[in-house]
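First comes the structure, then the notes that go with it.
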Amino acid sequence: MEAYQERVIEEKRELDEKIECLVSFVRDRRKMAPVLLREQMQLMSQLTIMRAYSSVLEDRIACFNDFPMQDPDYEVPIKMVILPDNGTFLKGT
Numbered sequence: 494m495e496a497y498q499e500r501v502i503e504e505k506r507e508l509d510e511k512i513e514c515l516v517s518f519v520r521d522r523r524k525m526a527p528v529l530l531r532e533q534m535q536l537m538s539q540l541t542i543m544r545a546y547s548s549v550l551e552d553r554i555a556c557f558n559d560f561p562m563q564d565p566d567y568e569v570p571i572k573m574v575i576l577p578d579n580g581t582f583l584k585g586t
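When we follow the working numbering, the leftmost residue of the sequence shown carries the number 494, and every step to the right adds one.
Rendered as structure tokens:
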């Protein structure tokens with residue numbers, strides 16, 4: 494396994510731990526009660542984005558054995574996700 498692959502796996506593990514902690518926090522009504530509604534909404538947005546990021550890392554990890562990394566002529570197809578200033582996602586190729 495390549496060093497960068499190990500880093501991706503470790504990054505996902507750490508991120509998943511943070512997701513678990515945040516889920517635990519937002520589900521605890523006693524902890525969430527004093528938090529302003531605006532911040533509660535921001536925490537939920539943060540959780541959604543963290544889960545999406547974890548999913549991307551999971552997809553990357555799943556592909557580690559699918560791509561011929563040793564072939565220098567192999568071109569990985571790239572699909573970009575662009576986050577414009579207005580916060581919406583656009584998909585392009």
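Ideal Cβ positions, reconstructed from N, Cα and C, are used throughout, including at glycine.
Since this is a predicted model, take the numbers as computed values, not measurements.
(request) Under the assumption that L550 contacts L508 (Cβ atoms under 8 Å), give the Cβ distance between them as a whole number of angstroms. (result) The C-beta distance from L550 to L508 rounds to 7 Å, short enough to fall under 8 Å.
(request) Compute the Euclidean distance between the alpha carbons of E495 and K505, then round it to the nearest angstrom. (result) Going from the Cα of E495 to the Cα of K505 covers about 16 Å.
(request) Compute the distance between the beta-carbons of I512 and R544, then report whether it is under 8 Å. (result) Contact flag set, yes.
(message) What does the Cβ neighbour count give for G585, buried or exposed, with the cut at 16 atoms within 10 Å?
(response) Bear in mind that the predicted position of G585 carries a pLDDT of just 46, short of 50, making it too unreliable to give a figure here.
(request) Would you kindly work out how many angstroms separate the C-alpha atoms of P527 and S538, rounded to a whole number? (result) Straight-line Cα distance between these residues: approximately 18 Å.
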